[in-house]
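Position one of the sequence shown corresponds to residue 1180 (our numbering), numbered consecutively onward.
We put the beta carbon where it would ideally sit given N, CA and C, even for glycine.
On a predicted model such as this, the values are computed, not experimentally measured, just so you know.
Each remark here refers to the structure printed beneath this line.
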Amino acid sequence: MKSKQTGSFDKVLFQESVKKHLYATYATTFEKADKHAWFLAMGTALAELTTCDLLCTEHDEKIRNAKSVNYLSLEFLIGRLTGNNLISMGVYQQVAEAMEELGQNLTDLLEEERDPSLGNGGLGRLAACFMDSLAAQEFPTVGYGLHYEYGLFKQSFDHGHQVETPDAWRGVEGYPWEIARPDLAQEIGFYGHVETYQENGKEKRRWLPGMTVKAMPWDMPIVGYESNTVYPLRLWECQAIAPFSLESFNNGNYFEAQHSLIDAGNITKVLYPNDNHEKGKTLRLMQQYFHSAASIRDILRRHEEAGHTLASLPKYETIQLNDTHPTVSIPELMRILIDEKEMEWDDAWAICSKTFAYTNHTLLPEALETWDESLIQRLLPRHMEIIYQINYLFLKEVREKWPGDVEKQRKLSIIQEGFHRMVRMANLCVVGSYAVNGVAAMHSELVKQDLFPEFNVLYPGKLQNVTNGITPRRWLKFCNPELSELISQKIGSDWPTQLDQLRNIADYAEETEFQKAFMQVKQANKQRLADWVEQNMDIKLDTQAIFDVQIKRLHEYKRQHLNVLHILSMYHRLLHDSDFEMEPRVVFFAAKAAPGYYLAKEIIYAVNKIAEKINHDPRIGNKLKVVFIPDYRVSIAEIIIPAADVSEQISTAGKEASGTGNMKLALNGALTIGTMDGANVEIREEVGDDNIYIFGLEVDEVEQLKRSGYNPFDYYNSNSLLKASLDLLLGEEFTPGEPGKLRAIYDSLLDGGDPYFCLADFESYVKAHEAMDEQYKDTAGWAKKAILNTALVGKFSSDRSIQDYVNNIWKLETVKR
């Protein structure tokens, strides 16, 4: 159908393949096939091409003998693959024409694909961007994740409340872009006990698991942009080794006959099971070990099959731990090297400690994983022994550095003492890795100063920074094709792989015709979003209004409830202040709340009830609308982001590690309103103070206010607009006949102490919005700022992030095919 070497595309051959799959794979006819069947047949025909390139890449001797990065992440939020792969393969237009001749519209077919929702949010989306950039730049890579049967839940609303339902993202027919690799399956153990035995006069230890399961790999293709390189995203599915007992079945024990199948299937059943009870915690740790053990075994298999010695593992492989979820990989590699490969401890540790690198994504104490020592002891008894030994040797280093300082030992120890002794996974990561990085300049400094200051002294140079990035292929070229074409007309078509070239667009920021063309593209994108909202939510929007967007996971530190307070303030002023004027505005939310996160779900409920009232209130003359788009996912982001005028990045300073939504929105010409937090700091440096709206307390001011004793009532009582806005939550304005139904936010901000300083930042936030509102009236001035945001954020390409990793941490070399 297509040879990447020659760039030719055989349309007839491709059409024949699509028709073959329609009949033979999906058992339907040309005449009876619906759009979904056509999508599946088309996707399967295309996947045949990438599978061939995947296998060729896998067996390429140049790659087998080069150093590879193994990216371990429990989340890969990859989004729909078909459209993005067509862009990377360079056949988007040809396939569109081929399908048109078969009576099908490619755009309609792409809508049939369900997002593989294999992540919660930013961490998983970042992993997907990094895989894209690694393939685009042809650095040898394997991504390792889990093949969840049900991804992140589908979200809907029932009378304003979030409702979660399972997301069977593969459908009944399977996902056309994945391929099973049973020849690479691994066996993974749990529970059991450790025994001592003698061999050649030496006492040794070995683990005898009490339960064994199979790790079945499914490969998804990560297609290099306009190259014939395809690297695997290898996702492990847990299966029973002996899934069915015929003896039990014949004896009438039908449930018992499938018991092992049910136990094994639960491990990769659901992304992030609730772990607020003991069984949930056990399952979560089982997921983490299953993922880590299968991946480590596969890495060692590849390494040894390539003819390399174990001692040379750090020379040929680096293992990047995306947050602490794969931490147990460290004791697992040690266990294999010592118990199975019969190495001495020091030799094994020399290999292990030069192979792992760790990315820290959070400063929030509750997000730094700790596991109950007794749970690890029960589930992974040999690993707990190895963790004890790692910690014993590490604390010797601490004592040598700080003799007699028991407090340093207590703080740095991998084992946290207390009524329930806990294992600190972040500490184990730092001890067992050769490099640790934060994900934005400010975050990395806070990691050094606040989170791991003693580690920074003990291991100078180990703690580094790699600012996050986003792939411009998906987040501009694919999701915003009209803007991409406009840019290419001005500066050529090399920018998708050299995003810093966008800086040349700045030359046209004050050119009237370019401003007009740029804003016409924005207007068309706003119309597309408005059409989606009207069709799916029955809300009619004014596309001349400011489209004000906050899309991200629902969490208090991201402060969606501060945005709610601003909405309430605008509503109050429209009703009660005759002098108040504002440009029409539509405020968009899209976010999922963790099923057990009470206040996050109450914020969603409040937004929906407030929207119901405001959107139908004739007194405000359509000046303000609120839209909460349900079931936020990558494909929804691809519609919202190109349409945004305003990007809400309003986390409490010092709480957001980086953010990547801020980068995507700025790249597509949205103006940021944000705090000095995460990558906002670096975005401000790139676009300049005039093209971003910064407000609120900075990190040191937040800390000072904490120390001096923050009292949110002081702000409530001294700001009449804030008081009026908050008080709207107490009555029945938005819940007729049910006063107080929205008071959960009110209580958290006042009686709850406002832990994220919403009230302290409210006045500054309102003033920043007023400045933006005034700027929007100046069409040419706004256009200039929007163009400059697109032009000046080239730094935030994930290609640059990967280059930073490659140069400073991984030490890889590109391998062209």
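Residue range of the alpha helix (DSSP H) that includes residue i
i	result
Gly1330	First-last for Gly1330: Gly1330 to Asp1337, but that is the beta strand (DSSP E), not the alpha helix (DSSP H).
Phe1309	Gly1301 to Ala1315
Gly1960	Thr1958 to Ala1970
Trp1528	Trp1524 to Cys1531
Arg1557	Glu1552 to Leu1558
Glu1195	Lys1190 to Lys1199
Val1712	Thr1691 to Met1716
Lys1788	Tyr1777 to Ile1793
Tyr1895	Pro1891 to Ser1897
Gly1222	Lys1214 to Glu1237
Whether residue i touches residue j by CB criterion (9 Å)
i	j	result
Leu1846	Leu1655	yes
Lys1964	Asn1870	yes
Phe1726	Phe1768	no
Pro1355	Ala1206	no
Met1604	Thr1503	yes
Val1615	Leu1642	yes
Ala1703	Glu1661	yes
Leu1900	Leu1908	no
Glu1992	Ala1536	no
Cys1658	Glu1405	no
Tyr1784	Leu1543	no
Ala1364	Ala1394	yes
Ser1814	Ala1849	no
Val1449	Tyr1567	no
Asp1810	Ser1335	yes
Leu1971	Leu1744	no
Contact test: residue i Cβ vs the ligand FMN heavy atom, cutoff 8 Å
i	result
Ile1819	Only the bare structure without any ligand can be found here, which leaves the ligand FMN out of the picture.
Contact set for residue i: own chain, Cβ-Cβ below 7 Å, skip 5 residues either direction
i	result
Met1698	Ala1962
Arg1979	Gly1648
Met1221	Val1197, Met1278 and Leu1288
Val1805	Ile1746, Val1766, Val1786, Ile1789, Ala1790, Ile1793 and Asn1794
Pro1388	Gly1368, Phe1369, Tyr1370 and Gly1371
Gly1875	Ala1832, Thr1854, Asp1940, Ser1943 and Tyr1944
Ile1509	Cys1531, Phe1535, Leu1607 and Gly1611
Asp1346	Ser1296, Tyr1329, Gly1330, Leu1331, Phe1332 and Lys1333
Sequence-distant residues of its chain with Cβ nearer than 6 Å to residue i (five each side left out)
i	result
Lys1183	Here Lys1183 scores only 46 on pLDDT, less than 50, and its place in the model is too uncertain to base an answer on.
Phe1693	Tyr1687
Pro1651	Pro1675, Leu1678 and Ser1976
Tyr1433	Per-residue confidence for Tyr1433 stands at a pLDDT of 48, beneath the threshold of 50, marking its modelled position as unreliable; the derived number appears in the next sentence. Closer than 6 Å at the Cβ level, and outside the excluded window around Tyr1433, lies no residue.
Asn1986	none
Met1399	Trp1356, Glu1357 and Leu1412
Gly1269	Glu1405
Asn1635	Lys1627 and Leu1642
For residue i, the first and last residue of its enclosing beta strand (DSSP E)
i	result
Glu1661	Unbroken run through Glu1661 is the alpha helix (DSSP H), Pro1660 to Ile1670; no beta strand (DSSP E).
Pro1345	His1340 to Asp1346
Pro1510	Taken as a continuous stretch (DSSP letters only), Pro1510 belongs to no beta strand (DSSP E), being part of the alpha helix (DSSP H) at Ser1508 to Arg1514.
Asn1986	Run containing Asn1986: none; DSSP gives neither H nor E here.
Ile1617	According to the sequence provided, residue 1617 is Gly. The question's Ile does not apply to it. Note, Gly1617: beta strand (DSSP E), Ala1614 to Gly1617.
Pro1400	Met1390 to Val1402
Leu2009	Nothing about residue 2009 can be read from this structure; the chain reaches only from 1180 to 1996.
Gly1368	Gln1365 to Phe1369
Arg1385	Lys1381 to Leu1387
Asn1742	It is not in any beta strand (DSSP E) - Asn1742 instead sits in the alpha helix (DSSP H) that spans Gln1739 to His1755.
His1948	Per DSSP, His1948 belongs to no beta strand (DSSP E); it is in the alpha helix (DSSP H), Cys1937 to Tyr1955.
Whole-Å CB distance - residue i paired with residue j, under 8 Å assumed
i	j	result
Val1409	Leu1313	Going by Cβ atoms, the distance from Val1409 to Leu1313 rounds to 12 Å, so no, they are not a contact pair.
Ile1530	Leu1492	5 Å
Asn1570	Ser1592	6 Å
Leu1414	Pro1396	7 Å
Pro1763	Gln1723	7 Å
Ala1858	Ala1619	5 Å
Gln1499	Ile1981	About 11 Å separates the two Cβ atoms, so there is no contact after all.
Glu1366	Thr1391	6 Å
Other residues of its chain near residue i: CB distance less than 8 Å, five sequence neighbours each side excluded
i	result
Ile1718	Val1712, Asn1794, Lys1804 and Val1806
Thr1488	none
Phe1892	Leu1929
Handout entry: Minimum length 3: unbroken beta strand (DSSP E) runs contained in the segment 1565 to 1644
Key = Counting only runs of 3 or more, we get 1601 to 1603, 1614 to 1617 and 1642 to 1644.
Handout entry: Sequence ranges, alpha helix (DSSP H) only - wholly within the segment 1818 to 1874, length at least 4
Key = If one requires a minimum length of 4 residues, the alpha helix (DSSP H) runs lying completely within the segment 1818 to 1874 are 1840 to 1846 and 1859 to 1866, in chain order.
Practice task
Please specify which runs of the alpha helix (DSSP H), each continuous and at least 4 residues long, are wholly inside the segment 1274 to 1304, giving them in chain order.
Solution key: Runs found: 1285 to 1289.
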